[in-house]
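Counting in my numbering, the sequence shown runs from 1 upward without gaps. Beta carbons are placed, not taken as given, at the ideal position from N, Cα and C, and that holds for glycine. Bear in mind the structure is a predicted one, so any value in this text is a computation, not a measurement.
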Amino acid sequence: MTPTTPKKPTSYIEYKDGFPYAALTIPVELREKIGKRKYRKKLEAISSRKAQLEAASLVAGWKKELALQKALLNDETRNPLLKIIMEALDLRKAFEQADGHSEEGEEDSEKELLREQIEILARGRVQSKHGEQVALEFYGIATGAHTPLLPLYKEWSKSKLKNYSLKTVDSYKRDAKSFVDKFTYLEAVNKRAMKVWITELMEVGTDPTNPKPMSHTTLTDRFMCGVRHFWNYLDSRGLIDEEMINPMEGIIPKKEKTKITNASVGWTPFDPKEVVQLYQSIPEDDPQLSSVTAIAMFTGMRIEEVCSLTASQIIDVDGIRCFDIRDSKTKAGIRVVPIHIQLIPLVDKLLLAAKGDAEKAPPDTFLIAGLGVNKYDDRSNAVGKRFGRLKKQLGFDEKKVFHSIRKCVVTQLDRAGFRETAIADLVGHENPSMTMGRYSAGIDAPIRKPMIESIKYPSLKESQ
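Shown next, in the form of structure tokens:
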């Protein structure tokens, strides 16, 4: 891409070495918390309009992050106890280590003397500066009667989540914060209280004023992951009584298994006619959604796999053009997928657009240009939402989603008589029988080509 610098930078876009970057200045009061003074990311788009759209998507995500960080900062400002909480916790360490036995000839033990000093401090400086209620809280924390969860949460969220993706970090922090808001003090947490809370979550969610019941799957597969991670951190700090029954185990009621519920689990596949209806209903001014959907229809690829394809991932294997999927959510997802004959014109068109005025497309250029990214660098988020709105407008229920196209492909391959293991290899499902080194691109492509060509849709034009 040949960089060109406009005369005047557009809103949220700045230029460096001639290349456009999305940029957003971080407020001064949040810079230390976030660790930088500005968000900045290089834009993929070349045209001014597309760059604006891409930048707007990035900035929207950044502004949400700033709002969250500002809310946490406001919590600290509103709660004066947080400013002296670490002092109380330091005193607590000393109090717990103090000798509770008095020496011969002494009236008070070391612990009792320290308790008196804490009381004097609480009734004096703390109460005069922060009021009686804060003084009582300070005394309770310092003497071990209360263990506030919020400062521990803040310490955990800053230091114990560095090895996770940004999306996982946000999820863990949000869900653990709900736990902290609910119980406030560690001493309030027990198995009975947790069971009551779980019931509340399943009935109204985290906010009773805006009821959104939490499903069994959401509780087990997402919500409790962050809560348990925080609880394990508290345990590692030696704050959990060894004799305490683990309040995180056995608190979610088992899901009743019936023929009805078992049949309704998971997404349901589209049938080929429905896929054609969806594809032909895509607005003409949304070529990105059209391209993403077409590739998924004839490959069974996941939406994030389609959206992350680059020019270098179009390869030739024994004369067969293929998608070389190198980055997937599972090891099984790393595979070579022959390009369906009906996709060849579309792929050529996308490659031509990607190369621009160059002799060939730069290797790291995305095959489908113009897809905005969210703050997690996910290129599939926005186009996936547009697909969701489209299928809803067409009357499809919540069980049919973009992933249902993938299921449609798998169903077609199964009905065509291909082996289950071969289908799993083609679409990137986990295959228990697969052994390391068994497959190579040179072997896979000729075997998989007839499978890909067996995918057909009624009343669809011969070229995309």
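Reference residue 394, options 60, 417, 276, 319, closest by Cα
Residue mapping note: residue 394 aligns to position 394 of the sequence shown, counting from 1. Measuring from the Cα of residue 394, the nearest candidate turns out to be 276.
In chain order, which beta strand (DSSP E) runs of at least 3 residues are fully inside the region 311 to 344?
Listed in chain order, they are 314 to 317, 320 to 325, 335 to 338.
Could you check how far apart the C-beta atoms of residue 54 and residue 44 are, in whole angstroms? I think they sit under 8 Å.
Position 54 of the sequence shown, counted from the start, is the residue given in the question as residue 54. Position 44 of the sequence shown, counted from the start, is the residue given in the question as residue 44. Yes, they are in contact, since the Cβ atoms of residue 54 and residue 44 sit about 6 Å apart, within 8 Å.
If contact is defined by three or more beta carbon pairs under 8 Å, each pair taking one atom from either stretch, is the region 291 to 298 in contact with the region 413 to 431?
Output reads no: the region 291 to 298 does not touch the region 413 to 431.
Ignore the nearest five residues each way along the sequence and tell me which others in residue 408's own chain have a CB closer than 6 Å to its CB.
Counting from 1 along the sequence shown, the entry for residue 408 is found at position 408. These residues qualify, in order along the chain: 269, 270, 275.
Since residue 138 contacts residue 175 with CB under 8 Å, what's their CB separation in whole angstroms?
Translated into the one-based positions of the sequence shown, residue 138 becomes position 138. Translated into the one-based positions of the sequence shown, residue 175 becomes position 175. Contact between residue 138 and residue 175 does not hold, since their C-beta atoms are separated by about 29 Å, which reaches or exceeds 8 Å.
For residue 220, count neighbouring Cβ atoms within 10 angstroms of its own Cβ and tell me buried if that reaches 16, exposed if not.
Taking the sequence shown and counting its residues from 1, one reaches residue 220 at position 220. Residue 220 should be labelled exposed.
With C-beta atoms as the reference, is residue 23 less than 8 Å away from residue 36?
Here residue 23 corresponds to residue number 23 of the sequence shown, with the count starting at 1. Here residue 36 corresponds to residue number 36 of the sequence shown, with the count starting at 1. The Cβ atoms of residue 23 and residue 36 do not sit closer than 8 Å to each other.
State the DSSP-derived secondary structure class of residue 70, mapped to helix, strand or coil.
Position 70 of the sequence shown holds residue 70. Looking at residue 70 - three-state DSSP - the assignment turns out to be helix.
Cα-Cα separation, residue 360 to residue 159
Residue mapping note: residue 360 aligns to position 360 of the sequence shown, counting from 1. Residue mapping note: residue 159 aligns to position 159 of the sequence shown, counting from 1. Going from the Cα of residue 360 to the Cα of residue 159 covers about 45 Å.
Less than 8 Å between the C-beta atoms of residue 310 and residue 345, yes or no?
One-based indexing of the sequence shown puts residue 310 at position 310. One-based indexing of the sequence shown puts residue 345 at position 345. No; because the gap between Cβ atoms is not below 8 Å, this pair is not in contact.
Separation of residue 249 from residue 91, as counted between CA atoms
For this step, residue 91 is matched to residue 91 along the sequence shown. For this step, residue 249 is matched to residue 249 along the sequence shown. Approximately 32 Å between the Cα atoms of the pair.
Using three-state DSSP, classify residue 443 as helix, strand or coil.
Position 443 of the sequence shown, counted from the start, is the residue given in the question as residue 443. A caution first: residue 443 carries a pLDDT of 46, below 50, which makes its placement in the model too unreliable to give a value.
Less than 6 Å between C-beta atoms, sequence neighbours within five positions excluded: which residues of the same chain meet that for residue 411?
Stepping through the sequence shown from its first residue, residue 411 is reached at position 411. Hits under 6 Å: 269.
For residue 322, which residues in the same chain have their Cβ closer than 8 Å to its Cβ, ignoring the five residues on either side in sequence?
In the sequence shown, residue 322 corresponds to position 322, counting from 1. The residues 314, 315, 316, 336, 337, 338, 339, 441, 445, in chain order, have a CB closer than 8 Å to that of residue 322 in the same chain once the five nearest residues on each side in sequence are set aside.
Kindly indicate which three-state DSSP category residue 22 falls into: helix, strand or coil?
In the sequence shown, residue 22 corresponds to position 22, counting from 1. Residue 22: strand per DSSP, three-state reduction.
Contact between the region 240 to 247 and the region 203 to 215 (3+ Cβ pairs under 8 Å)
Short answer: they don't touch.
Could you pull the DSSP bridge partners for residue 479 from this structure?
Beyond the ends of the chain as shown, which are 1 and 464, falls residue 479; an answer cannot be given.
Per DSSP, residue 185 forms a beta bridge with which residues?
The sequence position of residue 185 within the sequence shown is 185, counting from 1. Per DSSP, 148.
Evaluate the contact criterion for the region 157 to 173 versus the region 107 to 125: three or more CB pairs, one atom per stretch, below 8 Å.
Verdict: no, contact absent.
Inter-residue spacing [alpha-carbon to alpha-carbon] between residue 342 and residue 413
As a first step, residue 342 must be located in the sequence shown, where it is residue number 342. As a first step, residue 413 must be located in the sequence shown, where it is residue number 413. Rounded to whole angstroms, residue 342 to residue 413 spans 17 Å at the Cα level.
Taking the alpha-carbon positions, what's the residue 372 to residue 11 distance?
Within the sequence shown, numbered from 1, the residue matching residue 372 stands at position 372. Within the sequence shown, numbered from 1, the residue matching residue 11 stands at position 11. Roughly 16 Å between the two C-alpha positions.
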